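Residue numbers (this note's numbering), protein chains in the order written: chain C, -4 to 116; chain Y, 571 to 1239. Every residue gets a Cβ at the ideal spot worked out from N, C-alpha and C, and that includes glycine. Since the structure is predicted, the reported quantities are computational estimates derived from the model, not experimental observations. Have a look at the structure below, then the notes.
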Amino acid sequence: MISVLVVDDAAFMRLAIKNVLTKNGFTVVGEAANGREAVEKYLELRPDIVTMDITMPDMTGIEAVKQIRAEDPNAKIVMISAMGQENMVKEAILSGAKSFIVKPYKEEHIVMTLNKVAAAT
Amino acid sequence: MSEFAGNDSLLEMFLYETSQNLEQLEQIILKTEEAGGFSEEAVKEIFRIMHTIKGSAAMMSFEDISKLAHRMEDLFFIIRENPAVSYSSSEISDLVLACMDCLHRELQSIRDGDAAGSEECRRMIERVEQLHAVMKSRVDNTPAADSPSKASGSPAAAQGGNISGNRFEAKITFEPDCGMENIRAFFVIQDLQPLCAALAYEPSELDDEAAKRIREQGFLLHITTPLSRDELVRHLSQTALLKDLEVKEAAQEPKPAKKAQEEPKQTKSDVTTDEYRFQPQSMISVGVAKLDRLLDLMGEAIIAEAMVTESPDLPATPMPDFRKATARLRRIMQEMQDAVMSLRLVPLAGTFQKMFRIVRDMGKKLNKQIELKISGEDTEVDKNVIEHLSDPLIHMIRNSIDHGIESPDERVAAGKPAYGTIRLDAHSAGGDVIITISDDGRGLNREKILKKAKQNGLLNRPEEDMTDREVYNMIFLPGFSTKENVTEFSGRGVGMDVVVKNLSAVGGTVSVDSTPGKGMKVTMKIPLTIAIIDGMNVVVGDLKYTIPTSAIRETFRPTKDQIFTDTEGNEMVWLRGECLSLYRMYKLWNIPTNITEPTDGILVLIEQDGKRRCFMVDSLLGRQQVVVKRLPSYVKRGDRLAHAAGCTLLGDGSISLILDVPWLVGAEI
Chain C
-4 MISVLVVDDA AFMRLAIKNV LTKNGFTVVG EAANGREAVE KYLELRPDIV
46 TMDITMPDMT GIEAVKQIRA EDPNAKIVMI SAMGQENMVK EAILSGAKSF
96 IVKPYKEEHI VMTLNKVAAA T
Chain Y
571 MSEFAGNDSL LEMFLYETSQ NLEQLEQIIL KTEEAGGFSE EAVKEIFRIM
621 HTIKGSAAMM SFEDISKLAH RMEDLFFIIR ENPAVSYSSS EISDLVLACM
671 DCLHRELQSI RDGDAAGSEE CRRMIERVEQ LHAVMKSRVD NTPAADSPSK
721 ASGSPAAAQG GNISGNRFEA KITFEPDCGM ENIRAFFVIQ DLQPLCAALA
771 YEPSELDDEA AKRIREQGFL LHITTPLSRD ELVRHLSQTA LLKDLEVKEA
821 AQEPKPAKKA QEEPKQTKSD VTTDEYRFQP QSMISVGVAK LDRLLDLMGE
871 AIIAEAMVTE SPDLPATPMP DFRKATARLR RIMQEMQDAV MSLRLVPLAG
921 TFQKMFRIVR DMGKKLNKQI ELKISGEDTE VDKNVIEHLS DPLIHMIRNS
971 IDHGIESPDE RVAAGKPAYG TIRLDAHSAG GDVIITISDD GRGLNREKIL
1021 KKAKQNGLLN RPEEDMTDRE VYNMIFLPGF STKENVTEFS GRGVGMDVVV
1071 KNLSAVGGTV SVDSTPGKGM KVTMKIPLTI AIIDGMNVVV GDLKYTIPTS
1121 AIRETFRPTK DQIFTDTEGN EMVWLRGECL SLYRMYKLWN IPTNITEPTD
1171 GILVLIEQDG KRRCFMVDSL LGRQQVVVKR LPSYVKRGDR LAHAAGCTLL
1221 GDGSISLILD VPWLVGAEI
C-alpha cells in the first residue's frame, strides 16, 4: 500500500485527489492546506509520496519541496500544477520534485504518475 | 475531466468552498477600498483565490467559471509582477466585485440544477479581457516577467565531437492530454543530465511552442552516455505519463544542439502577511441535510426516552436502580442534545460581513458617506435561523441608509460628522440572540408615521393614546412606507412587514426605537434554536398543552378574594398589588372539565415583551424538553389553531399542542 500526503489549500481539490487515490488503492495518510503544514506533516507521517499544490498561502509548494528535500533527500513529491505555471513547475523540479500533474487532470494520469514515482528508485 | 462532475459530495464541496473563497475575496476588496489601493498581499491573495477557483471549476467542467477566474488571475498576475503599472484601483475593485456577483449567480444556478455558463458570464469574461489588454499594453515596454526562460546552449553539448560513450537516439511520447509536455521534456533532461556525457534534444527550445510539437511528434533525444541500452531504457521508463519510448543505437555523431542548463528563475517568496491570511482550521464540512437528520433523530430519542422512563407499565414500587439508570440516561441525553445543537451553530460573521457590501454599494449610489461598524459577529445561532436573518438585516440596513442617514451636507448642517455611522451588534441573552442595528441619522418622524398610518387605515386607536414607541413600531405593519419616492433600494413598502414575517418564521421579534434627529435603533430578538424547547406540560380536561418555560413567570393557585370581574365582565386576578387579565383555557376552547373554578385549578402567568396575562389550567404535568414539530398544513387551516406554535409528542404517546407565546400575550381573546 502506497501512503500519500495530499497538500492543497483548496479542500475541494484535496477531496478530489483523495477520492481518486482511495479508489485506486492508495492510502491517504494525511492532508495539509499549506506549505508549512506540509513540511510538518511530512516529517511526522513520512509518507511514500506527497502530492503538492503550488500556489498556497503561508508557504508555497515550491518552498515546501525545498524544505522537505532538505530534511529528507529521498522524499518523493509530485507537483499538482495548473496550466500557465510552467516556470513554477520547472523550479519545483529543480528543487527536487519527482514529477507533476497538470490540472484539470485525468484520474488515470494521477494513478500512473504516482505508481511510477513510487516504483522509481 | 468530467469524470468528477457526477460526484455529489465533490460538487457540494466545490460550491461550499468557492462561495467561501468569494466571500473572502469580497472582504479583501472592501479592505482594499478602505486602504485606498491594493497592497501587495491583497494582490497575491486575490491571485491565489482566482487560481483556486479556476482549478476547481475546471475539474468540475464548469468551463465559463474557470475561464472567468482564469482571466481575473491573468489580470492580477500583471499587477503582481509589475507593481509599478498604473491602474485605477476603484475600477478594478468594481470589476472584481461585478465578477464576484457573476460567479455567485453561476454557483446559484448550479445549485438550482441549471446549467452553468451564462451570457452574463461570457460578457464578464470579455470585460476582464478588455481591461487585461489595456493593462498589458501598459506594461509591454517592460519585459514581461512571465516569458518562459530560454534554454541556453551549453558548451559541453555544443562541442559535439570528442566525447566517449555509447550513443543513442531516443524518442519519447507522452500520454495524450497530460499537459505541459515541454516541462515534462525538461524534467527528462534534468533527470538524464547527470548520467550523460553529452545530451542534445529536439525541439531544442522547451517553450510553449515546443509543448505542441512534442505532443504531435514526440521528444527526440541524442544521448552519449556510459550506460548500456538496457540501463538507459530502464532509466527513461521511470518517466511519469510515458506513453511510448523508442531507444536505438545511433551510428552518427549527435548533431550539436543546445543543452538545457538553466538557472532556476528566482521567484519572489509567496509568503503572505497575516492581514489577508485565513488559516484553514482542522474542520470537516458536513451537509446540512445530515445535521437536520441528526437533530430529528435526537428529537425522536428524547421522546423515546420519555416513553420508557414514564411508561404506564412500570410498577408503582420504588425502583432505585432503574431510577438511577434513567437519571444517568437523562443526563447523557441532555449533553448529547447540547452537542447536537452546537454542531448546528454558525457565527453571524458571514452574514454581518455581507452588509459591508450593501453599505458600500448603496453609499456610492446615493452619494452618502457611511461607515458600518460591526461587533459581536462571533455570536452563534442555529443554521436554520441564520438563513432567515440575512434578508431582514439587508432590509433594515438599506432602510437606514435610504431613509435614516442624511446627505453629507444635511449632516454637517445639523452639526453631525459628514460620515454617517451604522452599527450592527449581536449578543446572546439567555436562549435568545439580540441583534441591534442602529444609525445616527435623522430618526423616525412621529407625525409622518401617524399621517401615513391614517392614510392607509392602519390607525385603530386615538393617536394621543399611543406612545412614541408604539407609533414607531407601526412601520412594521404590512403596507407601510414613509418615503414618498420609491427608490431602487428600499422598495415600495413591501419591506418592513417582510422583516417581521421572516423573523417570526424562526420565532423572532423585532422592535424599533428612535430619537428624532439622533437616529434609530432596531432590535431583533431571535431564539438560539427553534427545534427543541424547554416546556411546561399542562392539563385542561382530557387535553394536554405545552407552554414554553421561558415565557412562564410563575404558577400559583389563587384564593377566592384574588379573583374579581370588572364592569365589562372581564375576569381579573390580583397578584401582589397588580391587576392581571385572567383567561380560563377550558372556556377559550370549550373543553369539558371538572375543574371550573380558578381556586381549584392553577394559574399560569405568561410574560413576553412586557405584556402579562394569566391563564387557568386544570393542573401542571411537569417540565420537559420537547421537540417542536410543525403542524401539518391541513390541520392549521385559517385561524382555527392560531394559538398553536406547533405540537409535540409526550412520553405517554399523547400529542400536546405547544402554545404560541406571542398569541397568548397579544391576541384578542
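Pick helix, strand or coil for residue i, following the three-state DSSP scheme.
i, result
"E739/Y", "strand"
"I975/Y", "coil"
"Y1240/Y", "Residue 1240/Y is absent from the model: chain Y starts at 571 and stops at 1239."
"S631/Y", "coil"
"V982/Y", "helix"
"L797/Y", "coil"
"M889/Y", "coil"
"D761/Y", "helix"
"D778/Y", "helix"
"C669/Y", "helix"
"F1088/Y", "Here residue 1088/Y is Lys; the residue named in the question, Phe, does not match the sequence. Reduced to three states, the DSSP call for K1088/Y is coil."
"E819/Y", "strand"
"H792/Y", "strand"
"Q1132/Y", "helix"
"F608/Y", "coil"
"V929/Y", "helix"
"K894/Y", "helix"
"Q678/Y", "helix"
Are residue i and residue j closer than 8 Å when you measure CB to CB?
i, j, result
"I1122/Y", "I1165/Y", "no"
"L791/Y", "V698/Y", "no"
"Q1194/Y", "A876/Y", "yes"
"T1079/Y", "L1229/Y", "no"
"P745/Y", "R785/Y", "The residue you asked about is not Pro; residue 745/Y is Glu in the sequence shown. No. Outside cutoff."
"V84/C", "I72/C", "no"
"L645/Y", "F926/Y", "no"
"K18/C", "Q808/Y", "no"
"D952/Y", "R914/Y", "yes"
"V45/C", "I63/C", "yes"
"V2/C", "A27/C", "yes"
"D634/Y", "R675/Y", "no"
"I940/Y", "G985/Y", "no"
"V15/C", "E102/C", "yes"
"A919/Y", "D961/Y", "no"
Measuring only the C-alpha atoms, how far is residue i from residue j?
i, j, result
"S688/Y", "D814/Y", "41 Å"
"S660/Y", "T795/Y", "59 Å"
"T1218/Y", "K1091/Y", "36 Å"
"K924/Y", "L595/Y", "12 Å"
"L1220/Y", "A1237/Y", "27 Å"
"N736/Y", "N82/C", "33 Å"
"T1129/Y", "T1169/Y", "6 Å"
"M1142/Y", "S970/Y", "42 Å"
"P1162/Y", "V1110/Y", "8 Å"
"G1063/Y", "A668/Y", "Its pLDDT being 44, under 50, G1063/Y is placed unreliably by the model, and nothing is read from it."
"R863/Y", "C748/Y", "43 Å"
"T837/Y", "A87/C", "In this prediction, T837/Y has a pLDDT of 39, which is less than 50 and means its spatial position is unreliable; nothing more can be read from the coordinates."
"I1239/Y", "M1066/Y", "26 Å"
"S1008/Y", "M642/Y", "37 Å"
"S609/Y", "E651/Y", "13 Å"
"I928/Y", "H104/C", "45 Å"
"A820/Y", "A113/C", "32 Å"
"D1179/Y", "K98/C", "58 Å"
"N1030/Y", "E1138/Y", "20 Å"
"D710/Y", "H702/Y", "12 Å"
"N1026/Y", "V1041/Y", "14 Å"
"E870/Y", "L899/Y", "15 Å"
Using the DSSP secondary-structure output, state which residues sit across from residue i in a beta bridge.
i, result
"P1097/Y", "D1002/Y"
"W1144/Y", "C1149/Y"
"L698/Y", "Per the sequence shown, the amino acid found at residue 698/Y is Val instead of Leu. Partner(s): none; V698/Y has no beta bridge."
"A996/Y", "I1005/Y"
"Q1195/Y", "D1104/Y"
"Y1115/Y", "V1108/Y, L1227/Y"
"A768/Y", "T794/Y"
Got a sec: does the ligand ZN put a non-hydrogen atom nearer than 7 Å to the Cβ of residue i?
i, result
"M694/Y", "The ligand content of the structure shown is nil, which means the ligand ZN is not present either."
Could you tell me which whole beta strand (DSSP E) segments of length 3 or greater appear in the segment 34 to 112 of chain C? 44 to 48, 72 to 77, 94 to 98
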